[in-house]
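**Student:** I have a structure I would like to understand better, so I am pasting it below and will then ask my questions one at a time.
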Amino acid sequence: MSESLNDLRAFTLVAEAGSFTKAAGQMGVSQSALSHTIKALEKRIGIKLLNRTTRSVSTTQAGEQLLNDIAPLISGIEQKLSALNEFRSSPRGTLRINGTEHVIHSILWDKLSRFAHDYPDIHLEITTDYTLTDIVKDRYDIGIRLGHAVDKDMIAVRITPDMQMMVVASPEYVHTYGNPNIPSDLDHHRCLALRLPTHENLMNWELQKSGDGFQKAEIVNIHPRPVMIFSHAHLLVKAAVDGLGLAWVPALMVKSELQSGKLVSLLDEWVTTYDGYYLYYPNRRQSSPLFRLLVDALRLK
Numbered sequence: 010m011s012e013s014l015n016d017l018r019a020f021t022l023v024a025e026a027g028s029f030t031k032a033a034g035q036m037g038v039s040q041s042a043l044s045h046t047i048k049a050l051e052k053r054i055g056i057k058l059l060n061r062t063t064r065s066v067s068t069t070q071a072g073e074q075l076l077n078d079i080a081p082l083i084s085g086i087e088q089k090l091s092a093l094n095e096f097r098s099s100p101r102g103t104l105r106i107n108g109t110e111h112v113i114h115s116i117l118w119d120k121l122s123r124f125a126h127d128y129p130d131i132h133l134e135i136t137t138d139y140t141l142t143d144i145v146k147d148r149y150d151i152g153i154r155l156g157h158a159v160d161k162d163m164i165a166v167r168i169t170p171d172m173q174m175m176v177v178a179s180p181e182y183v184h185t186y187g188n189p190n191i192p193s194d195l196d197h198h199r200c201l202a203l204r205l206p207t208h209e210n211l212m213n214w215e216l217q218k219s220g221d222g223f224q225k226a227e228i229v230n231i232h233p234r235p236v237m238i239f240s241h242a243h244l245l246v247k248a249a250v251d252g253l254g255l256a257w258v259p260a261l262m263v264k265s266e267l268q269s270g271k272l273v274s275l276l277d278e279w280v281t282t283y284d285g286y287y288l289y290y291p292n293r294r295q296s297s298p299l300f301r302l303l304v305d306a307l308r309l310k
């Protein structure tokens, strides 16, 4: 019996994603077309491969065995096809990237734009979110996160220096409400907060005061009582510029606003520094020439 490689690949995508919707998005087809493909595959081989409910999709025992047997083979075939890019004058293919809105918009966009101009036949799919996405399960080629959030079994390439977080506000806000001098003063200020979808709660403000040779660094965790809540950091910055409250944001994100005077930094002794951003990927990806082009383009020079 001969089966289409595309149909088997469609099955592995659905099985690994646990969702027809996600798999259809990855393949660029409609959910109904993908469902029809899987049903036709099951009919031809005479075995049910997936259990479907209104909320989830899971493999049957036979489906799990098939997935374990063919997923490494399909991945190997895709890598071999990708390796043929070495014989093309202009490499082509698709690379899927997952990172936070901040790192894509404020740090990497110029490099990604240049890469897209240099390699017009390489299609980039860029997803921004604040969840700790499993890039293997969701079939992303590359993830971009702060160093502490990268799984230990991934290959990681540093792409930014350390990241500083600071409290900022507009001059108008400071004129109206005053300047906080210590972290506890924030309890009496109008704060702007970011909601993290991973935990469905608000991001705490971790303020750190550097110590000296005799005194250890002091860290204070602030649970803001927000007057406004956002799911994207750039709206947070806009609200701060408009004088609606205080925001705790990456310094690089507000560099131009600080230089222009639209925002001022507050609590300057309490600037927190985190490990920078890393590009990360599973070991099996590094043999792809297409993949290496993107890693080289984004790495910290």
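Going by our numbering, the sequence shown opens with residue 10, and the numbers climb by one from there. A virtual CB, placed ideally from N, CA and C, is assigned to each residue, including glycine. Predicted, not measured: the structure shown is a model, and the values here were computed from it.
(1) Whose CA, out of Ala125, Glu134, Ser122, lies closest to the CA of Arg8?
(2) Roughly how many angstroms lie between the CA atoms of His197 and Gln217, to the nearest whole one?
(3) For Met237, which three-state DSSP category applies?
(4) Per DSSP, what kind of secondary structure is Gly102 in: helix, strand or coil?
(5) Which two residues bound the contiguous beta strand (DSSP E) that contains Leu133?
(6) Would you please state the rounded distance, in angstroms, between the beta carbons of Ala19 and Asp147? I believe it to be under 8 Å.
(7) Rounding to the nearest angstrom, what Cα-Cα distance links Met10 and Lys57 in this structure?
(8) On a Cα-Cα basis, can you pick out the residue from Ile113, Gly108, Ala178 that is closest to Lys271?
(9) Kindly indicate which residue of Gln35, Pro100, His114 has the alpha-carbon position closest to the one of Leu244.
(10) With C-beta atoms as the reference, is Val280 less than 7 Å away from Met175?
(11) Helix, strand or coil for Ser67 per DSSP?
(12) Check Arg204 in the structure and name its three-state DSSP category.
(13) Check for me: the alpha helix (DSSP H) holding Gly152 runs from which residue to which?
(14) Below 7 Å between beta carbons: does that hold for Ile144 and Gly152?
(15) Put Ser274 into one of helix, strand or coil per three-state DSSP.
(16) Using the beta-carbon count (16 or more within 10 Å), is Leu50 buried or exposed?
(17) Let me know the secondary structure DSSP gives Pro170 once reduced to three states.
(18) For Ile238, which residues in the same chain have their Cβ closer than 6 Å to its Cβ, ignoring the five residues on either side in sequence?
(19) Comparing C-alpha positions only, which one of Leu17, Arg123, Pro259, Leu121 sits nearest to Asp78?
(20) Short of 7 Å in beta carbon distance, which residues of its chain neighbour His241, apart from the five on each side in sequence? Order them along the chain.
(21) Under a three-way DSSP split, which group does Val159 fall into?
(22) Using the C-alpha atoms, what's the distance from Leu288 back to Val273?
(23) Taking the alpha carbon of Ala165 as the point to measure from, which residue in Pro291, Gln74, Phe29, Glu227 has its own alpha carbon closest?
(24) Can you give me the C-alpha to C-alpha distance between Gly285 and Pro233, rounded to a whole angstrom?
**Tutor:** Per the coordinate set shown:
(1) Outside the modelled stretch of the chain, which goes from 10 to 310, sits residue 8, for which no answer is possible.
(2) Locating residue 197 in the sequence shown gives position 188, where the first residue counts as 1. Locating residue 217 in the sequence shown gives position 208, where the first residue counts as 1. Each residue's Cα considered, the two are about 20 Å apart.
(3) As a first step, residue 237 is located in the sequence shown; it is residue number 228 there, counting from the start. Three-state result, Met237: strand.
(4) Along the sequence shown, one-based indexing puts residue 102 at 93. Shown here, Gly102 sits in a strand according to DSSP, grouped into three states.
(5) In the sequence shown, residue 133 corresponds to position 124, counting from 1. Where Leu133 is concerned, the enclosing beta strand (DSSP E) stretches over 131-137.
(6) Stepping through the sequence shown from its first residue, residue 19 is reached at position 10. Stepping through the sequence shown from its first residue, residue 147 is reached at position 138. Not a contact, Cβ separation roughly 16 Å.
(7) Reading the sequence shown from its first residue, position 1 is the one you call residue 10. Reading the sequence shown from its first residue, position 48 is the one you call residue 57. Confidence at Met10 is low in this model, with a pLDDT of 45, below 50, so its placement is unreliable and no value can be given for it.
(8) Sequence index remark: in the sequence shown, residue 271 carries index 262 (1-based). When each option's Cα is compared against that of Lys271, the closest is Ala178.
(9) What you label residue 244 is simply residue 235 of the sequence shown in a count that begins at 1. Among Gln35, Pro100, His114, the Cα nearest to that of Leu244 belongs to His114.
(10) Here residue 280 refers to the residue found at position 271 of the sequence shown. Here residue 175 refers to the residue found at position 166 of the sequence shown. Cβ distance < 7 Å, so Val280 and Met175 count as in contact.
(11) On the sequence shown, residue 67 is found 58 positions in, with the first residue counted as 1. Residue state, collapsed to three classes: strand.
(12) Counting from one through the sequence shown, the residue named residue 204 turns up at place 195. Note: Arg204 maps to strand in three-state DSSP.
(13) As a first step, residue 152 is located in the sequence shown; it is residue number 143 there, counting from the start. Segment 151-155 is the beta strand (DSSP E) holding Gly152; no alpha helix (DSSP H) there.
(14) As a position in the sequence shown, residue 144 is number 135, starting the count at 1. As a position in the sequence shown, residue 152 is number 143, starting the count at 1. A contact, by the Cβ cut-off of 7 Å.
(15) In the sequence shown, the residue the question calls residue 274 occupies position 265. Strand, per DSSP.
(16) Taking the first residue of the sequence shown as position 1, residue 50 is located at position 41. Its Cβ being crowded by 16 or more others within 10 Å, Leu50 is buried.
(17) Start at 1 with the first residue of the sequence shown, and residue 170 comes out as number 161. Three-state DSSP puts Pro170 in coil, outside helix and strand.
(18) In the sequence shown, counting from the first residue as 1, residue 238 sits at position 229. Cβ within range, chain order: Ala202, Arg204.
(19) Sequence index remark: in the sequence shown, residue 78 carries index 69 (1-based). For the residues Leu17, Arg123, Pro259, Leu121, the minimum Cα distance to Asp78 belongs to Leu17.
(20) Along the sequence shown, read from residue 1 onward, the residue named residue 241 stands at position 232. Correct list, in chain order: Glu110.
(21) Locating residue 159 in the sequence shown gives position 150, where the first residue counts as 1. Here Val159 sits in coil by DSSP.
(22) Locating residue 273 in the sequence shown gives position 264, counting from the first residue. Locating residue 288 in the sequence shown gives position 279, counting from the first residue. Each residue's Cα considered, the two are about 31 Å apart.
(23) Numbered from 1 along the sequence shown, position 156 holds the residue referred to as residue 165. Among Pro291, Gln74, Phe29, Glu227, the Cα nearest to that of Ala165 is on Pro291.
(24) Start at 1 with the first residue of the sequence shown, and residue 285 comes out as number 276. Start at 1 with the first residue of the sequence shown, and residue 233 comes out as number 224. One C-alpha to the other measures close to 24 Å.
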